[in-house]
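Take a look at the structure below.
Number of protein chains: 2
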Amino acid sequence: MEAIIAVAREIRETIASNVPKEAEITKVDFEGPKVAIYTKRPQVFLENDGELVKRIAKTIKKRVIVRGDPESRLNEGSAEEFIKKAVPPEAGLKNVYFNDVTGEVELEVLYPEKIPPEVLNRVFFETLWTPRVLRKPPVHSRTVSEIRELYRASKQERIDFLRKLGYKVYRKPIFPADRVRIVSLGAFHEVGRSAVLVQTPEANILLDAGLKPTGNGDELPLFDLPEFDLESLDAVVITHAHLDHVGALPVLFKYGYKGPVYMTEPTLHLSKLLFEDYIKVAQREGKNELYSMRDVNSLLLNTYTLSYGEVTDIAPEIRLTFYRAGHILGSAMVHLHIGEGLINIVYTGDMKYARTMLLDPAYNKFPRAEVLIIESTYGSKSDVLPSEDDAKLELAKIVLETIERKGVVLIPVLAVGRAQEVLLALLDLMKKGAVPRVPIFIEGMIDEVSAVHMTFPEYLSATIREMIYRDENPFTSENIHVIRGEAREDITEKKPSIILATSGMLTGGPVLDYLRILADDENSSLVFVSYQVEGTLGRKILQGLRKLSFTDPSGKVINKDLKMRVYRVEGFSGHSDRRQLEAFIRRMEPSPRTVILNHGEAGKIEEFRRYLSSEWFKKKTGLNLDVLTPKNAESIRIV
Amino acid sequence: MEAIIAVAREIRETIASNVPKEAEITKVDFEGPKVAIYTKRPQVFLENDGELVKRIAKTIKKRVIVRGDPESRLNEGSAEEFIKKAVPPEAGLKNVYFNDVTGEVELEVLYPEKIPPEVLNRVFFETLWTPRVLRKPPVHSRTVSEIRELYRASKQERIDFLRKLGYKVYRKPIFPADRVRIVSLGAFHEVGRSAVLVQTPEANILLDAGLKPTGNGDELPLFDLPEFDLESLDAVVITHAHLDHVGALPVLFKYGYKGPVYMTEPTLHLSKLLFEDYIKVAQREGKNELYSMRDVNSLLLNTYTLSYGEVTDIAPEIRLTFYRAGHILGSAMVHLHIGEGLINIVYTGDMKYARTMLLDPAYNKFPRAEVLIIESTYGSKSDVLPSEDDAKLELAKIVLETIERKGVVLIPVLAVGRAQEVLLALLDLMKKGAVPRVPIFIEGMIDEVSAVHMTFPEYLSATIREMIYRDENPFTSENIHVIRGEAREDITEKKPSIILATSGMLTGGPVLDYLRILADDENSSLVFVSYQVEGTLGRKILQGLRKLSFTDPSGKVINKDLKMRVYRVEGFSGHSDRRQLEAFIRRMEPSPRTVILNHGEAGKIEEFRRYLSSEWFKKKTGLNLDVLTPKNAESIRIV
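Pasting the structure below:
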């Protein structure tokens, strides 16, 4: 990789001829999709609001970062001393880590927002170490610290990956991007195992790599389809940390994928947590493990995180930008710009086009967008959900009645997203006195997810973000009891109470234990707050199943009649309902010409297609959309 | 391959337990998709109208042929003596060839129809050689004799291929055929480079492998599409011998394809001729040759010919049957039966649903058919062609007027099909006195194609077939002069005259020489009688191009204004016009549920789709068709 290949040489020559002598450049190399310029005098590049960096970036059409020349850097001891003096005490500097491979210095602080930018510049110019500010969450998060430690421990491996990535992203294309195909690997005419392959003659980009939860194990996307070739995969882009979008990602690494994965930083953290839990549950339940922690670590080290709005080259002639999706913490919509103006694709992933307590709504103004791939979970005309406020009232009623009966409210939740939303709702109801302060039991994993939320307040709604800035923990109160190893039989004894447990569709996890114990208690309630995929136990119960069959910890099969009261509270959904889907399409800027519906049951997809193609919709909106509804295992051309 | 694999063992055991002792079976093996039973007493199998063979075939669900035990065969000398006595003299026995590898004896006779079946049985029972009757054409055909010689010289190679094929066709499938895809490799939203891949999880069948003629060389189908993998290709099925359907076939062998090709016997012969001509023209014109005669010979030896109506297994759970297409000699429609009743596909290839002088119309009653892939060359509402009789009158008028001006009628023809049809029309007009008997010049290749027609009278219309049976050559008269090496300048001197020359779309071949010489002769006429593909010189002239540029034999570029009168006579087309396409769909039995339109320009395809999907068409016909118009490089699911 150190061989000077054509592209790198061109870039070096362009930079050399554009920079004044006094800049004292000592090296130019790739660092992922960015070009890193090593210099003895970073101030030449960054003064005047970084005018020189901007000019270089414009000329070479690549993003540029400036790094201090390794020889000229201040020694770590003196640099640390300088940093400790420079950073204002109110920022709460906790730790300083030097990465001698990249020349970065990590400042772990309690309040990153309290360090003025000029302080960081001063640190850089004086020490030649590039400061990188990390938030230290107010509560301890195992996930956050483990990921930070992993990267620190693997700094050489990581920089090697980034250099290789740069060379690959900027390779000279052999074929022109004159044909673009959408290959349906999963979540077309179904919900689950999301996987969309965007294919040009030169590049292959996989959007999401999910699992489909079913009654018997999980189904992978159609990775055996001839269109999909791991060897020629350029990038995997993950929209958010739910197993039906990210669950198959470690499998790709197990199969031998060595390329990059793009996601937001919260998604990276939450995904790690999901994978660990998945392996743990599989082991406990004696299921076949699809992958191991080794595969998870490979993928963590091959992940390149992006913020919303950050434009990045991910293959020759393909640029990726994430936009806010409003679904869960860090959830993103994908914008791909292909072939210098040839075509632009927006893939929504899971998306909520409405404000929630936790998150701002999905964004829908794009620089360009001809093709929209939109989720259709609630694509049927009848899929109109109540507002979150109404849902809260309904939940309050169920909780109140169950408390009066001295029962337990058991709420199956996805660890990520719904759990936090429901927790916030319950705390708010208790605060307002609408519901008595009964104990709320949550499994440890849900608590860890809340801690990750507090590490990334920039991704949350203004209200919650402000609480975190003010050092208030929005997810805790005295009533919340985090379960750490207590026997589940004992927990259920404490009545009345509320229990939040995973998995959200009753396909595994601790919730099944609680359900087994509580099933024949007619005073207790089972409350579904999220979408139940076809074939899951959750869906079956909603469809009327009352004869349940469990395996207890000793391996004995236990049959029980479900006597709990079963409720479905819909307003907490992280998905847009039918009205919101329609509004998203109507208000999207610019209007797309082609809309591809995915992530929905076949019937809902067809119904939504008919509606969007109808004369009525055309007249009402003035939109003449080409609405496509490919099935899994189809490949369609958009150019 | 000699190892007894599971399938073969099963078959052998089934046969052994179903056959009486006195049959004296000595060996059972595959011979292509058929199971060959070697026996000392073939009469046991074939007596009572072959009752035993039929029973075995029904039990093992495979086609069965009976071969004499090699040890017990009569020696070749005595066998030949026996045959010469047994065959009635009126059959005109000319040659006898023994194939000691397969145990067949070829009887080359002038009139195969004059040998009663019982004579052949007697030859078999007495000599233990299986008689195979071949027609010796009344005029010499280089193609026919070369192909027969090739097979005789490669008898061991051929039987090895057939055995291997049998094992491959009858392998135990690993995946169930629960998904069937149509992958568009060529001729979707265009005319030319026909190539349709039918793909199940277990098998890959390529229907046609054509080239697209263009202004600059020929375009291959999208063989670089990831769905297409030469290694896992099970079979290539060719509908007819036109380069836009068969022209890329030798390229597959050049790339390393080693599997079987299925076509009719006339298609095999005509294709060989086309390939030779293609190579010759390419060499003469200094173009890049896409393949060599070595590749052509490989494909000839890997071809398995089928008659119309013959049902054959070509892969596990896939059965192929050819039906008459009415387009050119030997042209076939493809019927695929997939997965024990899962789905049936009819692919028309090029098809004429009307009687012509030369051929009976396309067949359209099938045992089952859910999906129809139909050509749409004339899919536009305005594509209504005159009848062949009207076309003849129009041609007569043009010829008469040109003769009066003492000019030359230059007719660019595809060597195969249109040339014979136009020749028949001209001869008929002269016979009836509608046109004076001026000389008709044809290039040697067209004459050779006519000779191939006379070798396969069973594939022709009743009238022409009867002429051949009566030993009349329908394609000759005193006026026809076959050009063999004469200077083209000299030919054009003989005015008035008619010249038929290839290629039919002015993309190369001798017609370009004649056009160069005659271009500025305003007394002469240029008459197009077949479809002109977009981008070809023929199409451009029809669109008004009059400034032509040629390279003369010395390599000099010559610019000429086209002063010839340009005509287009449409009724000789080998394609169905719009009314015939519609009639074919309406009258097809059973009615398909899905109709896929291909082999048409994008505009015509769209127009035809709109019509077939319209309420008007539904009401008129009662058909509620799902009409699909995939583009090249799309993969759609039909199951």
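In order, the protein sequence lines correspond to chains A and B. Residue numbers for the first sequence follow my numbering, beginning at 1 and rising by one. Residue numbers for the second sequence follow my numbering, beginning at 640 and rising by one. Cβ coordinates follow ideal geometry from the N, Cα and C atoms, glycine included. Quantities reported herein were computed from a predicted structural model and do not represent experimental measurements.
Closer than 7 Å to chain B by CB, residue i
{"i": "Gly622(A)", "result": "no"}
{"i": "Ser613(A)", "result": "no"}
{"i": "Lys631(A)", "result": "yes"}
{"i": "Pro226(A)", "result": "yes"}
{"i": "Glu634(A)", "result": "yes"}
{"i": "Arg179(A)", "result": "yes"}
{"i": "Ile464(A)", "result": "no"}
Where residue i falls, given that 16 or more other Cβ within 10 Å makes a residue buried
{"i": "Ser298(A)", "result": "buried"}
{"i": "Lys432(A)", "result": "exposed"}
{"i": "Ser717(B)", "result": "exposed"}
{"i": "Leu410(A)", "result": "buried"}
{"i": "Gly256(A)", "result": "exposed"}
{"i": "Asp714(B)", "result": "The displayed chain sequence assigns Asn, not Asp, to residue 714(B). Exposed."}
{"i": "Asn927(B)", "result": "exposed"}
{"i": "Glu1246(B)", "result": "buried"}
{"i": "Tyr378(A)", "result": "buried"}
{"i": "Leu1157(B)", "result": "buried"}
As assigned by DSSP and simplified to three states, the class of residue i
{"i": "Asn364(A)", "result": "coil"}
{"i": "Glu670(B)", "result": "strand"}
{"i": "Phe1114(B)", "result": "coil"}
{"i": "Ala848(B)", "result": "coil"}
{"i": "Ala1272(B)", "result": "coil"}
{"i": "Gly689(B)", "result": "helix"}
{"i": "Gly186(A)", "result": "strand"}
{"i": "Thr987(B)", "result": "coil"}
{"i": "Arg1127(B)", "result": "helix"}
{"i": "Met588(A)", "result": "coil"}
{"i": "Val1055(B)", "result": "coil"}
{"i": "Asn871(B)", "result": "The sequence given here places Ser at residue 871(B); Asn does not occur at that position. Three-state result, Ser871(B): helix."}
{"i": "His337(A)", "result": "strand"}
7 Å Cβ cutoff, residue i in contact with chain A
{"i": "Arg1276(B)", "result": "yes"}
Nearest candidate by alpha-carbon position, reference residue i, set the options
{"i": "Ala36(A)", "options": "Asp49(A), His575(A), Thr130(A) and Ser376(A)", "result": "Thr130(A)"}
{"i": "Glu743(B)", "options": "Glu729(B), Gly707(B) and Ile695(B)", "result": "Gly707(B)"}
{"i": "Leu562(A)", "options": "Arg579(A), Leu185(A), Ser154(A) and Ser549(A)", "result": "Ser549(A)"}
{"i": "Ile1085(B)", "options": "Ile1050(B), Lys1134(B) and Leu1139(B)", "result": "Leu1139(B)"}
{"i": "Thr853(B)", "options": "Ser1142(B), Lys1258(B) and Gly1194(B)", "result": "Ser1142(B)"}
{"i": "Leu1251(B)", "options": "Asp1129(B), Leu1264(B) and Gly731(B)", "result": "Leu1264(B)"}
{"i": "Phe737(B)", "options": "Lys724(B), Arg712(B) and Glu729(B)", "result": "Arg712(B)"}
{"i": "Glu146(A)", "options": "Thr492(A), Glu276(A), Asp229(A) and Leu252(A)", "result": "Glu276(A)"}
{"i": "Tyr1153(B)", "options": "Ile1119(B), Val1172(B), Arg1178(B) and Pro1192(B)", "result": "Pro1192(B)"}
{"i": "Lys666(B)", "options": "Pro672(B), Val646(B), Ser1253(B) and Val705(B)", "result": "Val705(B)"}
{"i": "Arg1076(B)", "options": "Arg963(B), Val762(B) and Lys1134(B)", "result": "Lys1134(B)"}
Identity of the residues DSSP links to residue i by a beta bridge
{"i": "Pro117(A)", "result": "According to DSSP, which records beta bridges pairwise, Pro117(A) is partnered with nothing at all."}
{"i": "Gln838(B)", "result": "Arg820(B) and Asn843(B)"}
{"i": "His481(A)", "result": "Phe441(A)"}
{"i": "Lys1199(B)", "result": "Leu1187(B)"}
{"i": "Asp952(B)", "result": "Arg958(B)"}
Proximity test, residue i beta-carbon vs the ligand COA heavy atom, cut-off 6 Å
{"i": "Leu1011(B)", "result": "This structure does not include the ligand COA; it has no bound ligands of any sort."}
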